[in-house]
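Residues in the sequence shown are numbered consecutively from -5, following my numbering. Encoded as C-alpha cells, the structure appears first; notes follow it.
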Amino acid sequence: MDSEIEFNRTDILARLNDSGSLSEKILAIHDAARICCEFIHRISVTIYDPKFDLLKTLVHSTDDGNPLAGYQARLADTPSLHRIFLSGKPRVVHDLAAFAGGERAHTRRIVEHGFRSSYTIPMYANEQLTGFIFFNSRLPNVMNEAALTQLDMMARLISLLVGMELNLVKTMHGALRTAASFSSYRDPETGAHLDRMSHFSRLIASEIARDRGLNDEFAEAILWAAPMHDIGKIAIPDHILLKPGKLTPDEFESMKTHTTKGREIIDTMLRNFNLGNASLAPVMANIAEYHHENVDGSGYPRGLKAEAIPIEARIIATADVFDALTSRRCYKPAWDNASAFAEIDALSKWKLDRRCVEILLDNRTAIAEIQARFRDEAELDCREEQSRPGSAGQHSATPEV
C-alpha cells in the first residue's frame, strides 16, 4: 500500500511560499512556465494608475536585461493597449516584426531587444483595470491555443500576486490614516504635499535603481512608502506636538522620537496584520526611522553617516526637504525652484545625499510637471499652522522636524 503513496514530489511553484519580493516570485513563475512553454523568454507586469491614466513598469523576468526599465506612458497614448482595455480581451501578436520602426517607444524597444511574438492580458480588480501582463518570445508564431491556455492560468496567478502586493499598500495606508484620525495629531501638510514628495521620491528612486541594477519594483515601493515617513508623530504628546512657539531642548528631544516611534508603529501593524514578511516592510520601517539622518552623521536617531543610512531614507529626506522649501508655509513664502535647487545643492555637503540631489537637479522639467499636477487646492490655515511645534521663530528654511 505504501508503494502507492508518494511524498517526494517537487512542487514547481513552491518558491511562491517563501518570503521574497514580487520580482523573485515572477521569476519563479517564469521558471514554471518554461516547463510547458519553453519559448517564453520574458514575463513583465505594468500597473495602471487611473488617476493620471498612467502605465508604469513594475516587475519583469527578462533573462538578459530589461528593455523597458523605469518606463511609463499614458494609456491614452498606447492605442493597442487602450483597445485591450476597452474590449477587456487579451491580445496576441504572432510576429512583432510588423511593428519594427514604429513610433511607440515601448514597442520599438521590445522589437530591438529581439522579441518576435507577444501575448498581453489585462488585469482587473473589482472590474477596474489595474495593469497588464506581457508574455514575450524571441520566436514568431508560437502562441498557439494550447500555449495560450497555459499562459492564461499563469496570468491569473500573477494577477493574484500583484493584487496582494497592492492590497498590502492599501491596507497599510488605511490603517495608518485610521490611527492618525483617532489621535489628536493635526497635520497641516496637505495631501498635495505628500503626493509631490512621493513622486519626487519615485523620480529619484528610478535613477538610483538604474545606478544600482535594481528593478522597477524598488521605485514603486518608494512611492508607496513615502507618505508614511512621519507616522510616528501620532505618538508625540499634544503639549509638545501642538505647542505654539519654540520647543525647549527636552521637548525637542521628545519630538525627535517620532522616528523610532514611527518604526515601532509600522512594525506593530505589520505584525498584527501578519504582513511582516512582505517585501515592502523593511522599506517602510527604514523610511520612518531614518529620514532625519544626515550624511555627515549629525542627524537622528542613530547618527548614521553616508552609506550607513538606508538609501530609501536618503531618497525621502531629499524629496521632503525640496518640497518643504518650495511650499508656502505661514512662517515663510514658497521658494522658487531655482532658489530651492541652490539650497539642496548646498545641503548635499552635509545633510542630503549627493546623488539624490543630483537627480533632482538633472530633472527640473519632470519636477515642474509633478508640481503642476499636484497643486495645493487651498492655502493652509495659518492659525493652525502657527500652532505647530517650532513656529513663531523656531523654523528655518530647512525643516528640522
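C-beta atoms are modelled at their ideal positions from N, C-alpha and C, and glycine is treated no differently.
Item                                                                                                                                                                     : Value
Applying the 10 Å Cβ sphere with the 16-neighbour rule, what's the burial state of Pro231?                                                                               : exposed
Helix, strand or coil for Arg308, going by three-state DSSP, please let me know.                                                                                         : helix
In terms of alpha-carbon separation, which member of Pro221, Ser74 and Ser195 lies closest to Lys164?                                                                    : Pro221
For Glu283, count the other beta carbons within 10 Å of its own beta carbon; 16 or more makes it buried, fewer makes it exposed. Which is it?                            : buried
I'd like the span of the alpha helix (DSSP H) that includes Ala332, first residue to last.                                                                               : Asn331 to Leu341
To the nearest angstrom, how far is it from the Cα of Ser333 to the Cα of Gln365?                                                                                        : 15 angstroms
Can you find at least 3 beta carbon pairs, one from the stretch 188 to 196 and one from the stretch 54 to 74, that sit closer than 8 angstroms?                          : no
Straight-line CA distance for Asn268 to Arg9?                                                                                                                            : 19 angstroms
Would you mind working out which of Leu7, Gly157, Ile309 and Ala219 sits nearest Gln122, comparing C-alpha positions?                                                    : Gly157
Comparing alpha-carbon positions, which option in Gly82, His100, Phe79 and Pro134 lies nearest Ala91?                                                                    : Pro134
Which value, in whole angstroms, describes the spacing of the CA atoms of Ala328 and Val315?                                                                             : 12 angstroms
So which of Ala140, Glu214, Glu139 and Met166 has the shortest CA-CA distance to Lys50?                                                                                  : Glu214
Check for me: the beta strand (DSSP E) holding Gly125 runs from which residue to which?                                                                                  : Gln122 to Ser131
Which one of Leu241, Thr253, Glu0 and Ala340 has the shortest CA to CA distance from Ile228?                                                                             : Thr253
Just how far apart, CA to CA, sit Arg204 and Ile234?                                                                                                                     : 42 angstroms
Whole beta strand (DSSP E) runs in the stretch 26 to 50 with 3 or more residues, listed along the chain?                                                                 : 34 to 43
Measure the C-alpha to C-alpha separation of Gly239 and Arg68 and round it to an integer number of angstroms.                                                            : 46 angstroms
Compute the beta-carbon to beta-carbon distance between Ile6 and Ile29, rounded to the nearest angstrom, for a pair I have assumed lies under 8 angstroms.               : 7 angstroms
Quick check: the stretch 122 to 132 against the stretch 30 to 46, are there 3 or more CB pairs under 8 angstroms?                                                        : yes
What is the residue span of the alpha helix (DSSP H) that Met263 lies within?                                                                                            : His252 to Asn266
So is Gly297 buried or exposed if we call it buried at 16+ other beta carbons inside 10 Å?                                                                               : exposed
Which residue marks the beginning of the beta strand (DSSP E) containing Arg87, and which one marks its end?                                                             : Per the sequence shown, residue 87 should be read as Val rather than Arg. Looking at the DSSP string, the run of the beta strand (DSSP E) that includes Val87 is Arg85 to Val87.
The beta strand (DSSP E) that contains Pro327, what's its start and end?                                                                                                 : Premise fails: Pro327 is in no beta strand (DSSP E) and is neither H nor E.
Evaluate Arg180 with the Cβ neighbour count: other Cβ atoms within 10 Å of its Cβ, from every protein chain shown; 16 or more gives buried, anything less gives exposed. : Summary for Arg180: the model assigns pLDDT 47, below 50, so the residue's position carries little reliability; its value from the coordinates is reported in the next sentence. With fewer than 16 other Cβ atoms within 10 Å, it is exposed.
Does DSSP classify Pro134 as helix, strand or coil?                                                                                                                      : coil
What does DSSP give as the partner residues of Ser111 in its beta bridges?                                                                                               : Ser131
Would you decide whether Ser292 is buried or exposed? Buried here means 16 or more other CB atoms lie within 10 Å of its CB.                                             : exposed
Run through DSSP, which three-state label would Asp290 get?                                                                                                              : strand
When the distance is taken between beta carbons, is Ile37 closer than 8 angstroms to Ser17?                                                                              : no
Assign Pro73 to buried or exposed, taking buried as 16 or more other Cβ atoms, counted over all protein chains shown, within 10 Å of its Cβ.                             : exposed
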